[in-house]
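First to last, the protein sequences are chains A and B.
Counting from -6, one number per residue, gives the positions in the first sequence under my numbering.
Counting from 8, one number per residue, gives the positions in the second sequence under my numbering.
All C-beta atoms, glycine included, are put in the ideal place defined by N, C-alpha and C.
Being a predicted model, the structure only gives us computed values, none of them experimental.
The structure under discussion appears below in the form of structure tokens.
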Amino acid sequence: GAVVSQHPSRVICKSGTSVKIECRSLDFQATTMFWYRQFPKQSLMLMATSNEGSKATYEQGVEKDKFLINHASLTLSTLTVASAHPEDSSFYICSARVPGLSGEANYGYTFGSGTRLTVV
Amino acid sequence: DQQVKQNSPSLSVQEGRISILNCDYTNSMFDYFLWYKKYPAEGPTFLISISSIKDKNEDGRFTVFLNKSAKHLSLHIVPSQPGDSAVYFCAATDADKLIFGTGTRLQVFP
């Protein structure tokens, strides 16, 4: 089945540094990917929609200058947390909707395994 | 503004009994509803879904009911098993986007 690979699974960084998270579609082309953030014991909040070859669309309240999204190819989207601070510590998950699978039970939605970011 | 809500943050059920997880939504334009199971530090795992034109969908031990007039859906798990213990999220589709509920932690005890 369609697989979305997310890397790294966990990262610890110092405050003020930048961290890049990668999300790859392994066996399909993803023109659109989605980035979510989950704080402990909270919901998965959609941060932005990543569109191949164009600018990402950010949800209200998400700082586009802090969460930089690049979707330069049909199989790779990256999220860079710029100048990370402890309050950015969270669990980040990417997702894609697989073309041609919208008729499946899961409507084609496929998720990465997530990245645990800890900023110290 | 939380468009999808799960008002019970936790639920505890005895093994073998029925687990009922509830979800409410505000946007009548949502097309599809999905339920996911999630463990800490992992991506969500798809369980079952329902189209907005249906009122019930069943898959093995899992049944989802949709009441559009009440903007309410529920997930029934029967019989519940200890391995079902996890956090359950309902989600709704808004165009291509998935909007998640707040989650319910289910604990199934022996």
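For residue 102/A, the closest alpha carbon among the candidates 39/A, 0/A, 47/A and 92/A is that of 92/A. Within chain A, the residues placing a beta-carbon under 7 Å from that of residue 104/B are 27, 39 and 42, ordered along the chain.
Close CB contacts of residue 59/A within its chain, under the 8 Å cut and outside five residues either way in sequence, are with 74, 75, 76 and 81 (chain order).
As summarised for the segment 70 to 98 of chain B, the continuous beta strand (DSSP E) elements at least 3 residues long and confined to that stretch are 79 to 84, given in chain order.
When the alpha-carbon of residue 60/B is set against those of 51/B, 111/B and 73/B, the nearest one is in 73/B. Residue environment: residue 67/A is assigned as exposed (fewer than 16 neighbouring CB atoms within 10 Å of its CB, all protein chains considered).
Distance from the CA atom of residue 89/B to the CA atom of residue 107/B, rounded to whole angstroms, is 24 Å. Around residue 100/B, the beta-carbon contacts reaching into chain A at under 8 Å are 100. Approximately 6 Å separates the beta-carbon atoms of residue 108/A and residue 2/A; this is inside 8 Å, confirming the contact. The shortest CA-to-CA distance from residue 42/A to any of -5/A, 70/A and -2/A is the one to 70/A. Listed by position along chain B, the residues whose Cβ is nearer than 7 Å to that of residue 84/A are 48.
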